[in-house]
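Undergrad: Residue numbers (our numbering): 1268 to 2369. First the structure, which I've put down as structure tokens, then a few questions once you've had a look.
See the structure below:
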């Protein structure tokens, strides 16, 4: 006879909750007062009438609670008689096995549920493109499912564009630079701001009309299909193969743009063409020779020199130099009698760039097609222009937004070249679609002649899943206004979703939400927000009906949750109902309605929790609700309908877990699960939604001993390095004492190894150190440095940047710096450090110097200015707010303090004064003072002005602020500056009795979340003195004088409150000159990061 108790579990009736609670209480009392074994408690869900039972998640959560180890469950998909008083053989078998989880399927077979590792899913795809998991790691190049450009069910694309089935794609040096991390993405295209959108420029293939064409596009041309601008398509000449045609568009377009349109090349002129054996070099030589020009060229090897001599016998051997050093300068100047050449087509860098400049004749044209020195902002001596010479940066991607006349001219030039025979195919090396990584490595070594091509004629291609959304359909997102919901919706918009329907009970509550919605709408997304609760069947039907007005419903995503944590002995039926409403009732309502009303539904996704898969103590109701939603999804999939449930582990930075536990992804673990970043979560969605399994798991696993994320199938560091070096198949035969330099490592391989060391092993070595290390030394380093990697259902590592992540990184930068600074002046760049050393040595400043830059900061430490400092051309200093200023009564007094510090640092002007954020108030006063001594060149204000600040305060507190409560200031400070949800902050403050307690509560919140290097005293001083002092001073500030010098305002579009583009932000109150206003399409925190920081620097520099 078995000693047990039985509780029948139902999803529809919750009266069993009281019975289970009493049994749990009895178990606790029994274990505390008796030495006998307590009875087993069997939870039973039996039969088809409750197939969506949450019994599995309930059981797993209960077994994590104290005194609940005796709990078991039986979940049967079909009804079977279970008489526990006189068990039959089948039930006796279950009782003898004594398993915690017993599952009986529809055929009556006994089993259990468990997690199995997911395998990478590869799907045969007619549409695929090359993506990259980690910039700098060529081993992560892979094929992803592509957008079906030729799908007739999709809306008509933009006029003037044609879908092209790509037969051959060409690699260009730009692709190598992007993949190895040597070139940053730019925002000059209409493509999403991700690497995968930018790889590939050039292709040949067939249009939907059957025309054989070659051309180029803004990006993502390493693909089986591309949607190309008709301006950049040319018909392939008869007799040319697709391979030959793919060698032409980019190189010849670059050459015609550089030589003809920019350089105005004329018959009989002389020209120096660097890297003549490369694709652009060969094309340039052909065009120059067709105009009877005298050609000088350089090459990087004897093999390439021989190629030039054979291919272009018109070029005298003495006109062929070396591109590896500067000897070509002597060659050119001797040959031209010291005159130099009329044009130079340059792609060389460093001292070879300078030597090239010296080869230019008077009135010459220097045509720069390389990007390394341009991106690095290297200086070029002004003496260059004494020769009446011109310098042209020739960028093919400048054509994306060029005037129609410019595009037409270039198109005509290339077509004329094709017709006349000047344009001819280049030599090439062909790889197949399975050799993408070898193709990148081959081109990166710089040993090729002509072009590197990838054949794509063999389709379908096995590709990793890549989710796209039909732009003509609508998508319902429940919980889309929450932290994770906003990031998820933003991700959807990058995947072509154009019609989004969100539900809310209380409407838009903060700027974080409104900023995202404004961003989507600016990008052409229709956003409909409905204030209803779809757990109610009538409201659910209304929701589907309203969504259908935007387009056929293509997806339902349930991200909603209600969490009420309590041990089972404290739970009630209402607590379970509270958790079930958004997960079970809502999903069931939408499931039934969409079965009938949404025949074009592609996605039915419920965000579940690891609480249902592993169990968390105190979350029995939440585990039950999520588990029930998972069973609902399984039933849908069995019926042939779309369905997916994803068990998420803790997600940092945004969302309920982050808000509840006041922590971010830097916390190592929570109930055995590591904290996954939101970027990792979004990146795993392709694999999660593309896998055929109805229930998937994504979490960061944690090694309990080491405390770091781990995975069993990781390659060792030595194996990773061997793969980069091309020795993967025989890495075990390598001599461990060999240095990497001896194993054939080139510069591209060095950069890739550096990426692996830094990103996966936290090892930071210089390129020289890497080359001189042996494999054995790397093995020893790796054994002492455990890896820290995110793992989950997806094995791919994909980089992504979202507004939320940028905001978090910005806040972290702030929190790493002391808010109240002991040192006021911080040198920002090497020029400033050099100037300090000169003063120490008594070196006088050059009388002709262009001045010094002082940036007046506010809350943020100097770290936020580091990237900006790298682009500044004058000595630059950051000025922080020190403790002494809190006794000041106005900004005039503050500016006197700063003026003294400036004079101590640099006694004489001229000065460029920059005010960042709240520092603009002091900057204005300094500008007025230096105006009197004629020592200011210009005043730069970054994203705030006195008039703008008053508008923000009006919005937050109204126009009457005479009796402003300190609690209101705290709320504004924590929500607007640090990005916390207003309801969360107010709820915390309401629990505290007085202002002092509120300061301490906010101190604990900020120091816990951001793990800031600051004391409680520091934070209280910041929250009270700084917030009050600054807000009141800013509110009352009006410049007493007029400013007559140039003023530049650089502001962001995604601001704390919206504004009209014509607004001057009150600058007309004190500026006599019309201010220059620059608007950056970003947020306040993002304006000092790439790519926007370069624009900021351009306006600061002289």
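Each residue gets a CB set at the ideal place from its N, CA and C atoms; glycine is no exception.
Which of the three DSSP states, helix, strand or coil, is assigned to residue 1740?
TA: Position 473 of the chain shown holds residue 1740. Coil at residue 1740, not helix or strand.
Undergrad: Tell me whether the beta-carbon of residue 1332 lies closer than 7 Å to the beta-carbon of residue 1834.
TA: Residue 1332 sits at position 65 when you count from the first residue of the chain shown. Residue 1834 sits at position 567 when you count from the first residue of the chain shown. In contact: residue 1332 and residue 1834 (Cβ atoms closer than 7 Å).
Undergrad: Based on DSSP bridge pairs, tell me the residues matched to residue 1613.
TA: Sequence index remark: in the chain shown, residue 1613 carries index 346 (1-based). Per DSSP, 1635.
Undergrad: Could you tell me how far apart the beta carbons of residue 1634 and residue 1529 are, in whole angstroms, since I believe they sit closer than 8 Å?
TA: In the chain shown, the residue the question calls residue 1634 occupies position 367. In the chain shown, the residue the question calls residue 1529 occupies position 262. Between residue 1529 and residue 1634 the Cβ distance is about 6 Å, and since that is below 8 Å, they are a contact.
Undergrad: Output needed for residue 2129: all residues of its chain with C-beta closer than 8 Å, excluding positions within five of it in sequence on either side, in chain order.
TA: For the purposes of this step, residue 2129 is taken as residue 862 along the chain shown, with counting starting at 1. The residues are 2084, 2093, 2095, 2145 and 2147.
Undergrad: When DSSP labels each residue in this structure, what does residue 1833 get in the three-state scheme?
TA: Start at 1 with the first residue of the chain shown, and residue 1833 comes out as number 566. In this structure, residue 1833 counts as coil in the three-state DSSP scheme.
Undergrad: Within the continuous alpha helix (DSSP H) that includes residue 1879, where are the two ends?
TA: Taking the chain shown and counting its residues from 1, the one referred to as residue 1879 is at position 612. Taken as a continuous stretch (DSSP letters only), the alpha helix (DSSP H) holding residue 1879 covers 1877 to 1880.
Undergrad: Kindly indicate which three-state DSSP category residue 1914 falls into: helix, strand or coil?
TA: Along the chain shown, read from residue 1 onward, the residue named residue 1914 stands at position 647. Residue 1914 falls in the strand class under three-state DSSP.
Undergrad: Going by DSSP in three states, residue 1751 sits in which element: helix, strand or coil?
TA: For the purposes of this step, residue 1751 is taken as the residue at position 484 of the chain shown. Residue 1751 falls in the helix class under three-state DSSP.
Undergrad: Quick one: what's got a C-beta closer than 6 Å to residue 2190's C-beta in the same chain, skipping five residues either side?
TA: Here the question's residue 2190 lines up with position 923 in the chain shown. Cβ neighbours of residue 2190 beyond the five flanking positions: 2123, 2180 and 2182.
Undergrad: Around the C-beta of residue 1890, are 16 or more other C-beta atoms found within 10 angstroms, so that it is buried, or is it exposed?
TA: Looking up residue 1890 in the chain shown gives position 623. Classification of residue 1890: buried, given that the 10 Å Cβ count is 16 or more.
Undergrad: By DSSP, does residue 1722 sit in helix, in strand, or in coil?
TA: As a working mapping, residue 1722 is identified with position 455 in the chain shown. Strand, per DSSP.
Undergrad: Given this structure, state the Cα-to-Cα distance separating residue 1977 from residue 1542, to the nearest angstrom.
TA: If you number the chain shown from 1, residue 1977 lands on position 710. If you number the chain shown from 1, residue 1542 lands on position 275. Only weak support is given to the placement of residue 1977: the predicted model assigns it a pLDDT of 36, under 50, and the value that follows is read from those uncertain coordinates. Going from the Cα of residue 1977 to the Cα of residue 1542 covers about 46 Å.
Undergrad: For residue 1398 and residue 1545, I'd like the C-alpha separation in whole angstroms.
TA: Along the chain shown, read from residue 1 onward, the residue named residue 1398 stands at position 131. Along the chain shown, read from residue 1 onward, the residue named residue 1545 stands at position 278. Answer to the nearest angstrom: the Cα atoms are 25 Å apart.
Undergrad: With distance defined between alpha-carbon atoms, name the residue in 2157, 2207, 2160 and 2200 nearest to residue 2121.
TA: The residue given as residue 2121 occupies position 854 in the chain shown. Per the Cα distances, 2207.
Undergrad: Tell me whether residue 1317 is buried or exposed, calling it buried when 16 or more other Cβ atoms sit within 10 Å of its Cβ.
TA: Counting from one through the chain shown, the residue named residue 1317 turns up at place 50. Looking at its Cβ environment, which holds 16 or more other Cβ atoms inside 10 Å, residue 1317 is buried.
Undergrad: Out of curiosity, what's the CA-to-CA distance linking residue 1246 and residue 2169?
TA: Examination of residue 1246 is not possible in this model, given that the chain is present from 1268 through 2369 alone.
Undergrad: Which complete beta strand (DSSP E) runs does the stretch 2181 to 2221 hold, if anything under 3 residues is left out?
TA: Taking only runs of at least 3 residues, the beta strand (DSSP E) segments lying wholly in the stretch 2181 to 2221 are 2203 to 2209.
Undergrad: Along the alpha helix (DSSP H) that carries residue 1711, what are the first and last residues, could you check?
TA: In the chain shown, the residue the question calls residue 1711 occupies position 444. First-last of the alpha helix (DSSP H) with residue 1711: 1703 to 1711.
Undergrad: So the alpha helix (DSSP H) residue 1571 belongs to, where does it begin and stop?
TA: Locating residue 1571 in the chain shown gives position 304, where the first residue counts as 1. Run containing residue 1571: 1569 to 1578, per the alpha helix (DSSP H) assignment.
Undergrad: Over the uninterrupted alpha helix (DSSP H) stretch that includes residue 1671, give me the two end residues.
TA: Numbered from 1 along the chain shown, position 404 holds the residue referred to as residue 1671. Looking at the DSSP string, the run of the alpha helix (DSSP H) that includes residue 1671 is 1671 to 1687.
Undergrad: Rounded C-beta distance between residue 1492 and residue 1382? I'm assuming under 8 Å.
TA: As a working mapping, residue 1492 is identified with position 225 in the chain shown. As a working mapping, residue 1382 is identified with position 115 in the chain shown. Rounded, the Cβ-Cβ distance is 37 Å, inconsistent with contact.
Undergrad: Just the C-alpha distance for residue 2042 and residue 1404, rounded to the nearest angstrom, thanks.
TA: One-based indexing of the chain shown puts residue 2042 at position 775. One-based indexing of the chain shown puts residue 1404 at position 137. Roughly 19 Å between the two C-alpha positions.
Undergrad: Would you kindly report the start and end of the unbroken beta strand (DSSP E) that includes residue 1437?
TA: What you label residue 1437 is simply residue 170 of the chain shown in a count that begins at 1. Counting along the chain, the beta strand (DSSP E) containing residue 1437 begins and ends at 1428 to 1438.
Undergrad: Of all the options 1752, 1848, 1632 and 1433, which has the alpha carbon lying nearest to the alpha carbon of residue 1661?
TA: Counted from its first residue, the chain shown places residue 1661 at position 394. Checking every option, the nearest Cα to that of residue 1661 belongs to 1632.
Undergrad: Once you ignore the five residues that flank residue 1515 on each side, which residues in its own chain have a CB closer than 7 Å to its CB?
TA: Indexing the chain shown from 1 puts residue 1515 at position 248. Around residue 1515: 1481, 1690 and 1692.
Undergrad: Does the stretch 1737 to 1744 come into contact with the stretch 1807 to 1825, if we say contact requires no fewer than three beta-carbon pairs (one atom in each stretch) closer than 8 Å?
TA: Result yes; three or more Cβ-Cβ pairs closer than 8 Å.
Undergrad: Whole angstroms are fine: how far does the CA of residue 2263 sit from the CA of residue 1287?
TA: To locate residue 1287, count along the chain shown from 1; it is residue 20. To locate residue 2263, count along the chain shown from 1; it is residue 996. Approximately 44 Å, taken between the alpha carbons.
Undergrad: I'd like to confirm the pairing. Which residues does DSSP put opposite residue 2354 in its beta bridges?
TA: Against the chain shown, residue 2354 aligns to sequence position 1087. Looking at the DSSP assignment, residue 2354 forms no beta bridge with any residue, so it has no partner.
Undergrad: Quick check for students: name the residue ranges of the beta strand (DSSP E) that lie wholly in the stretch 1807 to 1870, counting only runs of 3 or more.
TA: You should have 1820 to 1825.
Undergrad: What is the rounded straight-line gap between the Cα of residue 1326 and the Cα of residue 1814?
TA: Counted from its first residue, the chain shown places residue 1326 at position 59. Counted from its first residue, the chain shown places residue 1814 at position 547. Distance between the alpha carbons of residue 1326 and residue 1814 is about 37 Å.
Undergrad: Between residue 1509 and the rest of its own chain, which residues show a CB-CB distance below 6 Å, the 5 nearest in sequence each way excluded?
TA: Counting from one through the chain shown, the residue named residue 1509 turns up at place 242. 1434, 1435 and 1471, listed in sequence order.
Undergrad: Decide if residue 1966 is buried, meaning its Cβ has at least 16 other Cβ atoms within 10 Å, or exposed.
TA: On the chain shown, residue 1966 is found 699 positions in, with the first residue counted as 1. Buried, by the Cβ-count rule.
Undergrad: For the alpha helix (DSSP H) containing residue 1516, name the first residue and the last one.
TA: Residue mapping note: residue 1516 aligns to position 249 of the chain shown, counting from 1. Looking at the DSSP string, the run of the alpha helix (DSSP H) that includes residue 1516 is 1516 to 1522.
Undergrad: So what does residue 1757 bridge to, in DSSP terms?
TA: Locating residue 1757 in the chain shown gives position 490, counting from the first residue. The partner list for residue 1757 (beta bridge, DSSP) is empty, contrary to what the question assumes.
Undergrad: Within its chain, find whatever has a CB closer than 7 Å to the CB of residue 1626; leave out the 5 residues flanking it on each side and keep chain order.
TA: Counted from its first residue, the chain shown places residue 1626 at position 359. So the qualifying residues of the chain are 1539, 1596, 1599, 1600, 1607, 1608 and 1611.
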